[in-house]
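Asks:
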Amino acid sequence: MRVVTIVGARPQFIKAAPVSIALALSHHNEIVVHTGQHYDPSMSDVFFDELCIPTPKYNLGVGSGGHAFQTGNILIGLEEVLIKEKPDIVLLYGDTNSTVAGALAAVKLHIPVVHIEGGVRSYDMCVPEEVNRVLTDRVSHIIFVPTKSAAGNLKNEGYELILNNGDIVDIENLIYSKDDIKQGFGIVCNIGDVMYDAALMFSEIAKEKSGILEELNLKSKQYVLATIHRPQNTDDAKVLLEIINGLDKISEKTTVVFPMHPRVQKAINQYFGTDFLNTIKRNIIIINPVSYFDMLILEKNAGVIITDSGGVQHEAAFYKIPCVTVLDKTPWIESVENGWNRLCGTSCEEIYNSYVIAKNSNPIWKGLSCYGYGDAAKRFVKVVERIMNIAVKKEN
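In my numbering, the protein residues as written are 38 to 433.
1. Could you check if ALA187 belongs to the surroundings of the ligand COA, using beta carbon to heavy atom distance under 7 Å?
2. May I ask you to verify whether the segment 302 to 313 touches the segment 223 to 231, counting CB pairs closer than 8 Å and requiring at least 3?
3. Ends of the alpha helix (DSSP H) at VAL225?
4. For a test of the three-state rule: what should DSSP assign to ASN399, helix, strand or coil?
5. What is the DSSP secondary structure of VAL99, counted as helix, strand or coil?
6. From what residue to what residue does the alpha helix (DSSP H) around ARG170 run?
7. Measure the alpha-carbon distance for ARG170 versus THR133 and round it to whole angstroms.
8. For GLU167 and ASP161, what's the separation of their Cα atoms in angstroms?
9. Between the Cα of PRO296 and the Cα atoms of PRO268, VAL276 and VAL327, which residue gives the shortest distance?
10. CB-CB under 7 Å to HIS65, same chain, minus the five flanking residues each way: which ones, in chain order?
11. How would you call PRO359, buried or exposed, if buried means at least 16 neighbouring beta carbons within 10 angstroms?
12. Flag this pair as yes or no: are the beta carbons of LYS52 and VAL231 separated by less than 8 Å?
13. If you measure between the beta carbons of VAL421 and ILE153, is that distance less than 8 Å?
14. Rounded to the nearest angstrom, what separates THR92 and ILE394 at their Cα positions?
15. Count the other CB atoms within 10 Å of the CB of LYS415; is the residue buried (16 or more) or exposed (fewer)?
16. Any idea what DSSP makes of ARG379, helix, strand or coil?
17. Give every residue of the same chain whose Cβ lies closer than 6 Å to the Cβ of THR271, excluding the five residues on either side of it in the sequence, and list them in chain order.
18. In whole angstroms, what is the alpha-carbon distance linking THR108 and ASN397?
19. Alpha carbon to alpha carbon, how far is THR42 from LYS275?
20. For the putative contact between PHE330 and GLU87, defined by C-beta atoms under 8 Å, what is the C-beta separation to the nearest angstrom?
21. Quick one: residues in its chain with C-beta nearer than 7 Å to the C-beta of GLY203, no 5 flanking neighbours on either side, listed in chain order?
22. Taking C-beta to C-beta, are VAL294 and ILE324 nearer than 8 Å?
23. Near ILE370, which residues of its chain fall below 7 Å by C-beta distance, leaving aside the five closest residues on each side in sequence?
24. When you compare only the Cα positions, how much space is there between GLY139 and HIS147?
25. Are at least three pairs of beta-carbons, each pair with one atom in the segment 278 to 290 and one in the segment 381 to 390, less than 8 Å apart?
26. Pop quiz: VAL373 and ASP345 are said to be a contact at Cβ under 8 Å. What is the actual Cβ separation, rounded to whole angstroms?
27. Give the DSSP bridge partners of PRO296, in chain order.
28. When DSSP labels each residue in this structure, what does ILE120 get in the three-state scheme?
29. From the DSSP output, read off the bridge partner residues of ASN66.
30. Between the Cα of GLY409 and the Cα atoms of LEU172, ALA354 and CYS89, which residue gives the shortest distance?
31. Is any beta-carbon of chain D found at less than 8 Å from that of SER328?
32. Which residues does DSSP list as the beta-bridge partners of ILE126?
33. Would you list the one or two residues that DSSP bridges to ALA243?
34. Would you kindly check if the distance between the Cβ of PRO48 and the Cβ of GLY131 is under 8 Å?
35. By how many angstroms is the C-alpha of ASN110 removed from the C-alpha of GLY102?
36. Hey, how far is the Cα of LEU141 from the Cα of THR173?
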């Protein structure tokens with residue numbers, strides 16, 4: 038099977054790693070296209086090096102810009118690549134502009150679209166990622182969901198063929214040919230979360246290779262890890278200042294480690310001046326974005342995690358670290374329902390109070406199986422092989 042994988046941002050690199058390994062072990066030909074949506078080496082190159090993802094055959098170099106600029110330029114570049122490579126499927130991850138552009142480029146060329154991490158919903162169409170999720174699922178031919186709630190979301194949207202745990206016993210009676218798939222057959226399959234695969238796969242390697250705790254003189258469970266990058270939290274000066282003030286207040290009680298996303302650094306310089314960070318006089322350690330292995334170690338050893346990242350929310354749950362999410366909504370509802378994650382607003386007081394509650398909470402870490410069993414990538418390969426083989430057989 039000839040697979041074109043489209044990635045462009047840090048979470049996609051992480052999700053792609055176990056799937057790329059599974060595809061290679063099954064002797065499939067994977068061609069990786071990097072859109073260049075994340076173009077900073079600290080947010081891109083280091084992940085390919087660490088996670089053994091195949092070196093991208095193509096880098097579209099789209100860079101930063103507005104949604105229309107990114108999506109349009111990715112579409113233009115991908116169309117040429119897909120016409121040249123003629124893949125059997127196009128494989129997409131998550132909810133970025135790279136994802137939705139890849140889906141549109143492929144479906145208009147009548148190439149089956151496969152979406153990993155489909156069905157995830159916040160039901161807030163003001164969030165760009167939600168628009169990307171809905172549009173990508175709508176034109177995808179095979180949708181792999183990470184949780185039962187994601188499968189339930191698609192069922193509520195009218196998808197009828199939903200397979201649990203990779204069970205495709207009856208699939209032969211439902212697929213007729215590749216043309217049926219191309220017409221938007223909409224097969225939905227719950228295989229578990231490939232990010233959980235990655236967390237389990239790379240956890241011990243990270244422990245061996247990362248020295249981040251020693252470099253920063255940190256002790257396990259005696260610091261807070263904070264990450265902020267969402268446009269709704271960085272594109273408004275008042276909101277961003279409230280978040281920074283919240284972290285500053287927390288730092289009166291404990292060390293705060295803050296790997297700073299390039300978008301945040303740029304916004305701070307623009308809104309408050311290049312000397313602003315020097316005015317933070319308490320215990321905040323501001324560092325550049327770190328490698329995946331360093332990030333895993335920082336997450337596993339944090340006392341509390343404060344974030345607006347979907348991926349970091351995941352990893353907090355995987356490593357049983359209480360999490361505060363600086364958003365009003367999250368598509369990862371399992372973590373909230375199980376008490377592992379708290380949603381808060383963006384005011385200084387809300388962030389601080391949520392931190393105090395999370396720090397003193399004692400959640401029961403049950404239900405982690407909602408993310409699968411660490412074999413989602415293997416299940417993915419098995420299901421896609423079966424579906425595509427049946428389609429070819431029926432066609433002939």
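Note that beta-carbon positions come from the ideal geometry of N, C-alpha and C, so glycine has one too.
Replies: The relevant details are as follows:
1. Only the bare structure without any ligand can be found here, which leaves the ligand COA out of the picture.
2. Cβ pair count under 8 Å is below three, so no.
3. In the sequence shown, residue 225 corresponds to position 188, counting from 1. Unbroken run through VAL225 is the beta strand (DSSP E), 224 to 227; no alpha helix (DSSP H).
4. As a working mapping, residue 399 is identified with position 362 in the sequence shown. Coil at ASN399, not helix or strand.
5. By 1-based counting over the sequence shown, the position of residue 99 is 62. Three-state result, VAL99: coil.
6. Sequence index remark: in the sequence shown, residue 170 carries index 133 (1-based). Per DSSP, ARG170 belongs to the alpha helix (DSSP H) from 165 to 176.
7. In the sequence shown, residue 170 corresponds to position 133, counting from 1. In the sequence shown, residue 133 corresponds to position 96, counting from 1. Between ARG170 and THR133, the C-alpha separation is close to 8 Å.
8. Against the sequence shown, residue 167 aligns to sequence position 130. Against the sequence shown, residue 161 aligns to sequence position 124. As the crow flies, the alpha-carbon of GLU167 is around 7 Å from that of ASP161.
9. Here residue 296 refers to the residue found at position 259 when the sequence shown is read from its first residue. Of the listed residues, the one whose Cα sits closest to PRO296 is VAL327.
10. Counted from its first residue, the sequence shown places residue 65 at position 28. MET38 and VAL40.
11. By 1-based counting over the sequence shown, the position of residue 359 is 322. Per the 10 Å Cβ criterion, buried.
12. By one-based count along the sequence shown, residue 52 stands at place 15. By one-based count along the sequence shown, residue 231 stands at place 194. For LYS52 and VAL231, yes; Cβs fall inside 8 Å.
13. Counting from 1 along the sequence shown, the entry for residue 421 is found at position 384. Counting from 1 along the sequence shown, the entry for residue 153 is found at position 116. No, these two residues do not count as a Cβ contact at 8 Å.
14. By one-based count along the sequence shown, residue 92 stands at place 55. By one-based count along the sequence shown, residue 394 stands at place 357. Each residue's Cα considered, the two are about 44 Å apart.
15. To locate residue 415, count along the sequence shown from 1; it is residue 378. LYS415 is buried by the Cβ-count criterion.
16. For the purposes of this step, residue 379 is taken as residue 342 along the sequence shown, with counting starting at 1. Reduced to three states, the DSSP call for ARG379 is strand.
17. Within the sequence shown, residue 271 is the residue found at index 234, counting from 1. So the qualifying residues of the chain are LEU277, ARG300, VAL301 and ALA304.
18. In the sequence shown, residue 108 corresponds to position 71, counting from 1. In the sequence shown, residue 397 corresponds to position 360, counting from 1. For THR108 and ASN397, the distance between alpha carbons rounds to 43 Å.
19. If you number the sequence shown from 1, residue 42 lands on position 5. If you number the sequence shown from 1, residue 275 lands on position 238. Across the structure, THR42 and LYS275 are spaced so that their CA atoms are roughly 39 Å apart.
20. By 1-based counting over the sequence shown, the position of residue 330 is 293. By 1-based counting over the sequence shown, the position of residue 87 is 50. PHE330 to GLU87, Cβ: 6 Å. Contact.
21. Working through the sequence shown from its first residue, we reach residue 203 at position 166. No answer about GLY203 holds up, because its pLDDT of 46 lies below 50 and its placement is not dependable.
22. One-based indexing of the sequence shown puts residue 294 at position 257. One-based indexing of the sequence shown puts residue 324 at position 287. Yes, Cβ-Cβ distance for VAL294 and ILE324 is below 8 Å.
23. Numbered from its first residue, the sequence shown carries residue 370 at position 333. Result list for ILE370: SER186, in chain order.
24. Against the sequence shown, residue 139 aligns to sequence position 102. Against the sequence shown, residue 147 aligns to sequence position 110. Take the alpha-carbon of GLY139 and the one of HIS147: they are about 12 Å apart.
25. Yes, the segment 278 to 290 touches the segment 381 to 390.
26. Taking the first residue of the sequence shown as 1, we reach residue 373 at position 336. Taking the first residue of the sequence shown as 1, we reach residue 345 at position 308. 14 Å between Cβ atoms; not a contact.
27. Translated into positions along the sequence shown, residue 296 becomes position 259. DSSP, once it has assigned bridges, lists ILE324 as partnering PRO296.
28. The residue labelled residue 120 in the question sits at position 83 within the sequence shown. It is helical.
29. Residue mapping note: residue 66 aligns to position 29 of the sequence shown, counting from 1. Answer by DSSP bridge pairing, in chain order: ARG39.
30. In the sequence shown, the residue the question calls residue 409 occupies position 372. Considering only alpha carbons, the answer is ALA354.
31. Judged by its chain identifiers, the structure shown contains no chain D, having just a single protein chain.
32. Position 89 of the sequence shown, counting from 1, holds the residue named residue 126. DSSP, once it has assigned bridges, lists VAL40 as partnering ILE126.
33. One-based indexing of the sequence shown puts residue 243 at position 206. Paired residue(s): none; ALA243 is not in a bridge.
34. Numbered from its first residue, the sequence shown carries residue 131 at position 94. Numbered from its first residue, the sequence shown carries residue 48 at position 11. For GLY131 and PRO48, yes; Cβs fall inside 8 Å.
35. Here residue 102 refers to the residue found at position 65 of the sequence shown. Here residue 110 refers to the residue found at position 73 of the sequence shown. If you take the alpha carbons of GLY102 and ASN110, they lie about 10 Å apart.
36. Within the sequence shown, the letter at position 104 stands for residue 141. Within the sequence shown, the letter at position 136 stands for residue 173. Each residue's Cα considered, the two are about 8 Å apart.
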